[in-house]
Structure formats: C-alpha cells, structure tokens
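Report on the following structure.
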Amino acid sequence: MSELPQTDEVSGLVISSITVRSENIQKEDKKEKEKEKEPAVKKPRAKAKPRKKKKKKPPVISPTQKRLSEIGDTIPQVEKRSNQDTLTDYYIELTPASIRFSRKLFPLAKRSNYVERQVITQWSYKSRANMLKRLLSLDYTPLFGSEKQIPVMITLTYPGDWQTVATDGKAAKRHIALLKKRYESKFKKPLIGVWKLEFQRRGAPHTHILSSITMDLGHFQLWLSKTWAEIVAHPDENEREKHLRAGTQVKAWPDYYKETPHSISHYFGKHSSANKGGVKEYQNRAPDLWIEAGSIGRFWGYWGLVPATATALVSKEDALFMQRTLRRWHKAKREFKKVRVQRSKKIDGVIYYRMASRRVLRLSHQGGFISVPDGMAETLLAALKAHKGTPVENASETVSREPQMPNKSNSEPSSDTQVEEIQATPEKRVSLGARFKATVKRFFAPLMRIFSFKVRRDKTE
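When the letters of the sequence shown are read in order and numbered with our numbering, they come out as residues 146 to 606.
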C-alpha cells in the first residue's frame with residue numbers, strides 16, 4: 146500500500162480544522178449549562194374572557210303530555226307516607242294508550258325471587274310485555290307531528306353468507322350504529338324511530354325500523370341500499386352485489402294502521418309472542434352462532450322518543466275499584482289466546498301436546514297494565530266519582546267524544562242517552578252496574594249492529 150504524503154502544510158490544515166470544531170463544541174456546551182443554571186422566567190398568562198352563561202331553554206311540553214297532566218290532576222290523590230310506614234302505597238299511571246297500576250311497600254327490600262340482570266340469550270314473555278308497555282307509553286309527536294313527514298317501515302337484511310359479516314350480536318348492533326351516523330351526516334338530523342330485531346328461517350338477522358322521512362321514497366331507497374351495503378361490506382364481490390340489490394326495503398306505513406301508540410304496539414307485538422310451537426316462533430330464536438359467542442343484546446328499542454306519563458298516588462279503595470272496572474271491561478271483549486297444553490291418553494297414558502284456547506286475563510293480581518282506547522281514562526274517572534257519590538264533572542264532554550249508538554227500536558233508548566239522563570239530575574248517581582253496561586254497549590255498538598244485520602238477513606232469506 147502506498148503511504149499518504151505527510152507534509153507540514155497538510156498536517157497543519159488537518160490539525161487546525163480539528164481544533165476549531167472542538168472549540169465550537171465546548172462553547173455550545175457552556176451556553177447550555179448556563180441556561181440550565183438560570184431560573185426559568187414564567188410568562189404572564191393572558192386573562193381568560195368570562196364565559197357567557199347560556200340561558201336554559203324551558204322544556205317543551207307536547208300536547209300529549211299536557212293532556213295527560215290535566216287528567217292526572219283530576220284524580221283524587223292521598224298524601225305520601227313516610228319511609229318508616231309499613232303500609233302499601235297504590236299508584237296509577239296514565240299513558241297515551243294504557244293505564245298501569247302498581248304497589249310499593251316501605252321499606253323497600255329485594256324480593257325473595259329477585260334475579261340480577263343476566264346475559265340476554267332468548268326472547269321471553271317478560272320481554273314482550275316490557276316492549277308493549279313501553280310502546281304504549283311513548284309520545285310519537287316527533288315522529289308523526291308534521292304533515293311533511295311520511296311514516297315508513299324500513300327493513301335491513303344481510304347477504305346469503307351472513308356468518309362472515311355478522312358473527313355475533315355486537316357486530317349487528319355496530320352496523321345499526323354506523324347507519325345512524327350516516328343518516329345524521331346526510332340529512333342533518335338524528336334518526337328517530339322504533340326498531341325490532343328478528344331472525345329468518347335460515348338464521349340470518351334482520352331489523353325492522355319504524356321512522357319517518359321528508360323526501361321521495363325512491364331516492365331514499367337508493368341511498369339506503371348503497372349505504373347499507375357499504376356498512377356491511379361483504380368481502381365477496383358477488384355477495385356484495387346481491388346485497389346491494391336486495392338488502393333493504395322501504396314501505397309506507399299501512400293506512401289501516403293508524404299513527405297511534407295502540408296501533409304501533411299492536412303491529413310490533415303481533416308476531417312477537419314467545420309461545421312455543423307458534424307459527425312465528427323462529428323470528429325470535431337467535432342462531433347458535435350468536436348464543437355461543439355470548440350475549441345477543443337487546444331485541445328492541447327506540448331513538449329520539451320520550452315516554453309521556455302522569456302518575457298519581459291513590460287510596461286502596463279507589464285503586465281496587467278502577468282495576469275491577471277495567472278487568473270487567475276487558476273480560477267483556479272476550480279475547481282468547483292459543484297456548485300449548487299437555488294431555489295424556491286414557492288407554493295407554495301416552496303424553497302428547499295440543500293447542501288450546503284460553504281467555505286473556507288482565508289486572509288479575511292487583512297490578513299490571515292494560516291497553517285502552519282514547520278517552521277511556523276520562524270515562525274511568527267519571528265512573529269513580531259517580532261511585533263515590535260526588536257530582537260528575539265534565540261528564541257531558543266525555544260522552545260527546547264517543548260516537549252515539551243508534552237505537553235498536555223506538556222504545557229502547559241508547560246507552561248514551563241513559564248516561565246523560567242519569568248525569569243530568571244530581572240527585573241520582575250512576576251505579577257501577579249501570580256505568581259498566583253503558584261502557585260495554587258504547588264500545589261494542591258496531592259489532593252488535595253487524596250481528597243483528599246478519600240475523601235479519603237470514604230470516605228474510
């Protein structure tokens with residue numbers, strides 16, 4: 146190897162460059178140490194501007210809630226007892242389409258058969274009762290309050306290979322949450338409605354949503370199909386194309402179902418019975434894939450709606466009278482349900498099962514709720530006042546709201562005229578039997594007319 150020429154000039158240049166660099170490094174180190182020794186000077190903070198206090202807007206009271214509060218004020222109430230009292234308190238709760246009775250015993254203690262909240266794996270009788278009780282008490286003014294709003298029923302389904310994208314209940318709930326966010330970002334308002342989770346025969350989940358829109362059904366259908374396919378995002382292109390074409394359905398709310406809590410609860414509850422061996426039982430049975438994964442989650446819910454209630458503390462005598470009156474009114478409707486009963490053959494004792502009809506009972510244990518038509522609360526309070534011997538106030542208004550029943554003959558007066566005649570004279574009081582018969586006749590007038598028409602037609606033929 147050839148050695149580099151070491152001259153004085155070259156060596157001097159190299160030595161000088163190294164010394165200059167080392168001196169610069171030492172100076173920088175001294176400056177940093179001096180900065181560390183110096184105390185840090187705090188800069189004065191700028192004074193924050195005082196925040197303006199936002200004025201709280203007064204709560205908006207809907208017409209439904211206002212009407213219930215007015216009716217609740219007319220209920221004869223009693224004073225609330227102290228927590229040390231061991232007597233039972235009786236409450237009545239009025240909602241837009243139901244009347245509920247409850248009891249509270251002080252001091253409050255857990256029941257002997259109390260069970261804490263568990264993992265949801267099936268649809269039960271209690272689940273259906275809770276759903277109907279809540280749907281009957283909701284205020285649907287935000288959903289159907291404007292004439293521009295078109296009530297629609299939305300159905301969201303999954304592709305044929307649904308196990309890939311909906312492995313458990315959390316995945317399905319996540320898809321619905323993403324759809325709500327897409328809807329809010331698109332239309333600048335939250336999605337309001339009632340939803341119910343069901344299952345097809347093949348096990349695939351699908352969701353029904355009752356909501357309202359302010360645009361054309363066709364344009365909303367196109368946007369919903371594209372958005373739902375993007376949210377589910379099946380990895381297979383063929384499955385994704387099929388899901389884009391047939392993954393959603395938007396239908397207008399049927400005309401024969403009125404936009405009332407009673408009709409909505411009837412629509413959601415007609416196929417939600419938890420009877421074993423029923424025709425639509427499979428719709429409420431979750432697949433084994435979801436049950437093995439853990440909790441299924443909720444089967445139903447609502448968005449953007451608030452219950453409208455009016456609660457009053459009443460005496461035991463008044464509570465029992467109103468319960469018995471409503472129980473007799475419901476019994477006169479003669480409603481039956483199909484139940485699965487066990488039977489055995491007399492010859493060989495073989496056990497078999499068959500479907501039987503049983504009468505539907507309501508308010509049989511001094512508590513519970515019952516679905517009632519509009520105007521039933523005023524009628525019930527008028528009957529209570531008449532039973533207690535107090536003058537019936539505003540009874541003519543209550544009777545005038547109901548349609549008058551035509552007379553069967555010239556000699557027999559209608560039920561409405563009988564009630565008006567009794568209420569016109571303050572000396573006469575409406576007894577329980579007369580009030581009950583008048584109520585039954587008024588509510589079953591159309592059925593009586595149809596039956597009498599068929600009988601007359603058979604006689605003429």
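Idealized CB from N, CA, C, for every residue including glycine.
Check your understanding: Can you tell me where the alpha helix (DSSP H) with Y270 in it begins and where it stops?
Key -> Walking along the sequence shown from the start, residue 270 turns up at place 125. Run containing Y270: 270 to 282, per the alpha helix (DSSP H) assignment.
Point to revise | Start and end residues, beta strand (DSSP E) containing G513 | key: As a working note, residue 513 is residue 368 in the sequence shown. For G513, the uninterrupted beta strand (DSSP E) run begins and ends at 513 to 516, by DSSP.
Check your understanding: Nearest CA to the CA of D234: which residue from V505, Q222, Q294?
Key -> As a position in the sequence shown, residue 234 is number 89, starting the count at 1. Cα-wise, what sits closest to D234 is Q222.
Check your understanding: Taking the Cβ atom as the reference point for each residue, do P518 and L283 lie within a distance shorter than 8 Å?
Key -> Here residue 518 refers to the residue found at position 373 of the sequence shown. Here residue 283 refers to the residue found at position 138 of the sequence shown. No, they are not a contact pair.
**Study point:** Q210, buried or exposed, once every other Cβ within 10 Å from all chains shown has been counted against 16
**Key:** Here residue 210 refers to the residue found at position 65 of the sequence shown. Answer is buried; the Cβ neighbour count reaches 16.
Point to revise | Reduced DSSP category for H388 - H, G, I as helix; E, B as strand; rest coil | key: Numbered from its first residue, the sequence shown carries residue 388 at position 243. In the structure shown, H388 sits in a helix (DSSP, three-state: H, G or I).
Review point. Does the beta-carbon distance from W340 to H353 come in below 8 Å?
Key: In the sequence shown, counting from the first residue as 1, residue 340 sits at position 195. In the sequence shown, counting from the first residue as 1, residue 353 sits at position 208. With respect to H353, W340 sits close: the two C-beta atoms are nearer than 8 Å.
Check your understanding: Straight-line CA distance for W368 to T359?
Key -> Along the sequence shown, read from residue 1 onward, the residue named residue 368 stands at position 223. Along the sequence shown, read from residue 1 onward, the residue named residue 359 stands at position 214. Using only the alpha carbons, I get a separation of about 14 Å.
Practice item. In angstroms with no decimal places, state the Cα-to-Cα distance between K530 and A457. Key: For the purposes of this step, residue 530 is taken as the residue at position 385 of the sequence shown. For the purposes of this step, residue 457 is taken as the residue at position 312 of the sequence shown. CA-CA distance, K530 to A457, rounds to 16 Å.
Check your understanding: Do you know how far the Cα of R485 is from the Cα of S95?
Key -> Nothing can be reported for residue 95: it is not among the residues displayed for the chain, which extend from 146 to 606.
Check your understanding: Should E386 go down as buried or exposed, given a rule of 16 or more other Cβ atoms within 10 Å for buried?
Key -> Taking the first residue of the sequence shown as position 1, residue 386 is located at position 241. So E386 counts as exposed.
**Study point:** Per-residue burial, G392 [other beta carbons within 10 Å of its own, 16 or more giving buried]
**Key:** The residue given as residue 392 occupies position 247 in the sequence shown. A buried status is given to G392, since no fewer than 16 other beta-carbon atoms sit within 10 Å of its beta-carbon.
Point to revise | Beta-bridge partners of L213, as assigned by DSSP | key: The residue given as residue 213 occupies position 68 in the sequence shown. The partner list for L213 (beta bridge, DSSP) is empty, contrary to what the question assumes.
**Study point:** Euclidean distance between Cα positions of G520 and A528
**Key:** For the purposes of this step, residue 520 is taken as residue 375 along the sequence shown, with counting starting at 1. For the purposes of this step, residue 528 is taken as residue 383 along the sequence shown, with counting starting at 1. Each residue's alpha carbon lies about 13 Å from the other.
**Study point:** I299 to L471 span [Cα, whole Å]
**Key:** For this step, residue 299 is matched to residue 154 along the sequence shown. For this step, residue 471 is matched to residue 326 along the sequence shown. Distance between the alpha carbons of I299 and L471 is about 36 Å.
Check your understanding: Between the C-alpha atoms of S370 and W268, what's the straight-line distance to the nearest angstrom?
Key -> Position 225 of the sequence shown, counted from the first residue, corresponds to residue 370. Position 123 of the sequence shown, counted from the first residue, corresponds to residue 268. Per the coordinates, the alpha-carbon of S370 lies some 29 Å from the alpha-carbon of W268.
Point to revise | Contained alpha helix (DSSP H) runs [length at least 4] in the region 269 to 354, N- to C-terminal order | key: Positions of the alpha helix (DSSP H) runs, each at least 4 residues long and wholly inside the region 269 to 354, are given as 270 to 282, 286 to 289, 314 to 332 in order along the chain.
Point to revise | Bridge-paired residues (DSSP) for K483 | key: As a position in the sequence shown, residue 483 is number 338, starting the count at 1. Residue pairing by DSSP places K483 opposite S502 in a beta bridge.
Review point. Nearest CA to the CA of S243: which residue from H407, K482, Q366?
Key: Along the sequence shown, read from residue 1 onward, the residue named residue 243 stands at position 98. Of H407, K482, Q366, the residue nearest in Cα terms is H407.
Review point. Is the CB-CB distance between E309 and A349 below 8 Å?
Key: Start at 1 with the first residue of the sequence shown, and residue 309 comes out as number 164. Start at 1 with the first residue of the sequence shown, and residue 349 comes out as number 204. One point to set straight first is that residue 309 is Thr, not Glu, in the sequence displayed. Contact: no.
Review point. Excluding sequence positions up to five away, which residues of its chain have a Cβ less than 6 Å from the Cβ of P432?
Key: Counting from one through the sequence shown, the residue named residue 432 turns up at place 287. Same-chain partners within the cutoff: G348.
Review point. Which of the three DSSP states, helix, strand or coil, is assigned to K490?
Key: Sequence index remark: in the sequence shown, residue 490 carries index 345 (1-based). In this structure, DSSP gives K490 a state outside helix and strand, which the three-state scheme calls coil.
Check your understanding: By DSSP, does L239 sit in helix, in strand, or in coil?
Key -> Here residue 239 refers to the residue found at position 94 of the sequence shown. Secondary structure at L239: strand, using DSSP grouped into helix, strand and coil.
Point to revise | Alpha-carbon to alpha-carbon, I206 and T454 | key: Within the sequence shown, residue 454 is the residue found at index 309, counting from 1. Within the sequence shown, residue 206 is the residue found at index 61, counting from 1. Across the structure, T454 and I206 are spaced so that their CA atoms are roughly 12 Å apart.
**Study point:** Neighbourhood of I441 by C-beta, 7 Å cutoff - its chain only, sequence neighbours within 5 removed
**Key:** In the sequence shown, residue 441 corresponds to position 296, counting from 1. The beta carbon of I441 is closer than 7 Å to those of I265, T266, G314, A431, W435 in its chain, skipping five residues each way along the sequence.
Check your understanding: Which residue's Cα is closest to the Cα of E426: Q366, L506, E343, A317?
Key -> To locate residue 426, count along the sequence shown from 1; it is residue 281. Relative to E426, the option among Q366, L506, E343, A317 whose CA is nearest is E343.
Review point. Shorter than 8 Å from the beta carbon of K225 to some beta carbon of chain D?
Key: Looking for chain D here will not work: only one protein chain is present.
Check your understanding: Apart from the five residues just before and just after L324, which ones in its own chain have a Cβ nearer than 8 Å to its Cβ?
Key -> The residue given as residue 324 occupies position 179 in the sequence shown. The answer, listed in chain order, is L301, L336, T372, W373, I376.
**Study point:** Per-residue burial, P304 [other beta carbons within 10 Å of its own, 16 or more giving buried]
**Key:** Here residue 304 is taken as the residue at index 159 of the sequence shown, counted from 1. The residue is buried, with at least 16 neighbouring Cβ atoms inside 10 Å.
Check your understanding: Can you tell me the Cα-Cα spacing of E238 and K403, whole angstroms?
Key -> Within the sequence shown, numbered from 1, the residue matching residue 238 stands at position 93. Within the sequence shown, numbered from 1, the residue matching residue 403 stands at position 258. For E238 and K403, the gap between their C-alpha atoms comes out near 24 Å.
Check your understanding: Once you ignore the five residues that flank Q294 on each side, which residues in its own chain have a CB closer than 8 Å to its CB?
Key -> The sequence position of residue 294 within the sequence shown is 149, counting from 1. Answer for Q294: L288, S357, I358, T359, listed in chain order.
Review point. Could you give the residue range of the beta strand (DSSP E) that holds Y412?
Key: Walking along the sequence shown from the start, residue 412 turns up at place 267. Under the DSSP assignment, Y412 falls outside any beta strand (DSSP E), being part of the alpha helix (DSSP H) whose first and last residues are 406 to 414.
Practice item. Compute the Euclidean distance between the alpha carbons of E437 and A464, then round it to the nearest angstrom. Key: Residue numbering aside, residue 437 sits at position 292 when the sequence shown is read from its first letter. Residue numbering aside, residue 464 sits at position 319 when the sequence shown is read from its first letter. So the two alpha carbons sit approximately 46 Å from each other.
Exercise for review: Could you name the residues of the same chain whose beta carbon sits closer than 6 Å to that of S247, not counting the 5 residues immediately before and after it, in chain order?
Suggested key: Here residue 247 is taken as the residue at index 102 of the sequence shown, counted from 1. Excluding positions up to five away in sequence, the list reads Y236, G512.
Practice item. Report the option in Q394, R279, D493, R469 whose CA atom is closest to the CA atom of H351. Key: For the purposes of this step, residue 351 is taken as residue 206 along the sequence shown, with counting starting at 1. The shortest Cα separation from H351 among Q394, R279, D493, R469 belongs to Q394.
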